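K.L.:
The sequence shown maps to residues 2 to 495 in our numbering.
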Amino acid sequence: MKPTLHQRVLAAIRRHRMLRAGETVGAAVSGGADSVALLRLLDELREVLGIRLLVLHFHHQLRGPDADADEQFVAQLADARGLQFLSGRQNVAAQARQHGWNLEDAARRLRYEFFSHVVDSGRAGRIAVAHTADDQAETLLAHLARGTGPTGLAAIYPVAGHVVRPLLDIRRQELRAYLLAAGQAWREDQTNLDTSRLRARIRHRLVPLLEREFPPGIVERLGQLAALAREDEAFWAMLVAKRYQTLVQATPAGLSIHIPDLLDPLALGATAPAVENDANPSTALTKRLVRRILEELKGDRRQLTARHVEQVLHLAMTCSSGHRVHLPAGVVVERSFDRLVFSLGAGVAARMGPNETECARQPFQYLVEIGSQGSATISIPEIGRRFRLKVIDWPPAASDTRVEAEALDRDLLRSPLVLRNWRQGDSYRPRGRRRAHKLKRLLLESRVALRERTGWPVLTSAGVLAWVRGLPAAQEFAAQEGTKAGLVVLEELL
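(1) Residues in the same chain with beta-carbon distance under 7 angstroms from Ser344, minus the five sequence neighbours each way, listed in chain order, please.
(2) Report yes or no: do three or more beta-carbon pairs, one from the stretch 479-494 and one from the stretch 385-393, lie closer than 8 angstroms?
(3) Under the three-state reduction of DSSP, which class applies to Arg387: helix, strand or coil?
(4) Residues in the same chain with beta-carbon distance under 6 angstroms from Glu296, minus the five sequence neighbours each way, listed in chain order, please.
(5) With three or more C-beta pairs closer than 8 angstroms as the rule, is the stretch 227-238 touching the stretch 299-319?
(6) According to the Cβ coordinates, are Leu305 and Leu341 closer than 8 angstroms?
(7) Based on the DSSP output, what are the partners of Leu55 in its beta bridges?
(8) Would you kindly report the start and end of the unbroken alpha helix (DSSP H) that includes Val313?
(9) On the three-state DSSP scale, how would you describe Met2?
(10) By Cβ distance below 6 angstroms, which residues in the same chain neighbour Ala76 in space, the five residues on each side in sequence not counted?
(11) Could you pull out every residue in the same chain whose Cβ sits closer than 6 angstroms to the Cβ of Leu50, ignoring the five residues on either side in sequence?
(12) Check whether the Cβ of Ile171 lies closer than 7 angstroms to any heavy atom of the ligand FAD, and answer yes or no.
(13) Determine the burial state of Thr152: buried for a count of at least 16 other Cβ atoms within 10 Å of its Cβ, exposed for fewer.
(14) If distances are taken between C-alpha atoms only, which option among Ser117, Ser257, Ala437 comes closest to His163?
(15) Could you check if Asn422 is buried or exposed, using at least 16 other CB atoms within 10 Å of its CB as the buried criterion?
(16) Whose C-alpha, out of Val465, Gly323, Arg147, Gly126, is nearest the C-alpha of Ala161?
(17) Check the C-beta distance from Leu111 over to Gln99 and give it rounded, since I have them as a contact under 8 angstroms.
(18) Considering only the beta carbon of each residue, do Leu1 and Ala34 sit closer than 8 angstroms?
(19) Give the range of the alpha helix (DSSP H) segment to which Ile219 is assigned.
(20) Under 7 angstroms Cβ to Cβ from Asn356, same chain only, skipping five residues before and after it: list those, please.
(21) Relative to the alpha-carbon of Tyr113, which residue among Gly89, Tyr158, Asp170 has its alpha-carbon at the smallest distance?
(22) Can you tell me the Cα-Cα spacing of Glu24 and Ala129, whole angstroms?
(23) Beta-carbon within less than 6 angstroms of Gln476's beta-carbon, same chain only, minus the 5 sequence neighbours each way: which residues are those?
(24) Kindly list the residues whose CB is nearer than 6 angstroms to the CB of Ala107, restricted to its own chain and excluding five residues on each side of it in sequence; keep chain order.
(25) For Leu63, which option in Arg47, Leu104, Glu45 has the closest C-alpha, if you only look at C-alpha atoms?
(26) Could you pull out every residue in the same chain whose Cβ sits closer than 6 angstroms to the Cβ of Met2, ignoring the five residues on either side in sequence?
Written out as structure tokens, the structure is:
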């Protein structure tokens, strides 16, 4: 006997461990058929699941009176079922213009920001959204149409953080039949019929064509493909996470990786296995590692495609130090000797043509005054960093060779203390060296790329270099035996 709709939804919730008894679940309801069906099903399963429900609606301020009517409809639906209602709203069009997003992307971002706020505020533990089997198939096809790799075949996940999707195995037509049988009305969003949008063309043209021209069950088979891809992605994610933690370093510029490690990540732990037909698992892992770095840097993978990954690999394999590629969302990837440096440089990238050399960072100079508490904080927006200068007991209680190498003797420093960018002609004698050297040479020896050198911070004492980021303290100011109080410079992101 075929399971009922309620039984299948309940089985999906339990199979993926979507909800926990005793928690409040926010049901995201736009007013459309799928989300109204989600609300009714969760409400009818509420006692079995042992959950509380909060009805959520997000007003995008895009469709005038129609959007107002949607909000009112959902509020009345919640009231009729005796459920709490919470609505959020944002001017999506204004936010899209401000940030350079397309409307669809902006609407999704702001809607999910609202959901996250609900969870962060403690109003709900999970957010249930109404993606269906049809949405799953449409998303997979959209990824293929735009260009994707195996990761894109995974499409929509049943559980993603605090967001759960109980209807991901249910067809849209089945939900409408359920609502019609219950005499339940819903709202129609006419913008979903706009076939100038890729998703609408897939929904109203491509999927019906596939269902007409191919054996029955094409939507379900696409869902099965997505499920298999998710299983494979879970395995790859485990491998990538291990290598990311081991090989990727945070730098003042962003993130960096040693190019030989990137191109042969399987060298971490075991020899690459023999494979047939020129298949190379190391290449697959390399590409996923690049995507992971880009995702960590910008917060998501939107706008980044397989072509962009290939550009990064081309930079790593064929270009010399100093070359760079500019990717969407202001991402800059630069080859610096035998490393790739990934950074966010939206402001710089926007000013440059495709063949221009990156312009120097703005010069900066800040007076440092150590307060009565023995510390000072200087924010430098020109390089997006904050520096804390702190007087410490000397010698340091714990054995810290970095502190010992970079700490200054507080009593040897003279006013004015100035934190500024490196300048042409700067020179100093690093601790342990016999004579002074040009700072440019020392930065080259340390493999600091030109783009970073132009904004490299230094500290001067009465006009004399005392401290340089990442290098030993100047010999004449270095803390050593007999020093009573040291001074350290700590750096953090703004």
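We put the CB at the ideal spot given by N, CA and C, even for glycine. Since this is a predicted model, take the numbers as computed values, not measurements.
P.N.:
This is what the structure gives:
(1) The answer, listed in chain order, is Ala254, Gly255, Val333.
(2) Taking a contact to require three or more Cβ pairs closer than 8 angstroms, the stretch 479-494 and the stretch 385-393 qualify as touching.
(3) strand
(4) Arg302
(5) no
(6) no
(7) Gly27, Gln85
(8) 307-319
(9) In the structure shown, Met2 sits in coil (DSSP, three-state: anything other than H, G, I, E or B).
(10) Phe86
(11) Leu20
(12) Because no ligand of any kind appears in the structure shown, any question about the ligand FAD cannot be addressed here.
(13) When all chains shown are included, Thr152 counts as buried.
(14) Ser117
(15) buried
(16) Gly126
(17) The Cβ separation is near 12 angstroms, so there is no contact.
(18) The structure shown has nothing for residue 1, since the chain only spans 2 to 495.
(19) Under the DSSP assignment, Ile219 falls in the alpha helix (DSSP H) whose first and last residues are 219-248.
(20) Residue placement at Asn356 cannot be trusted, given a pLDDT of 32 that sits under 50; the coordinates are not used to answer.
(21) Gly89
(22) 12 angstroms
(23) Arg430, Arg432
(24) Val93, Gln96, Ala97
(25) Leu104
(26) none
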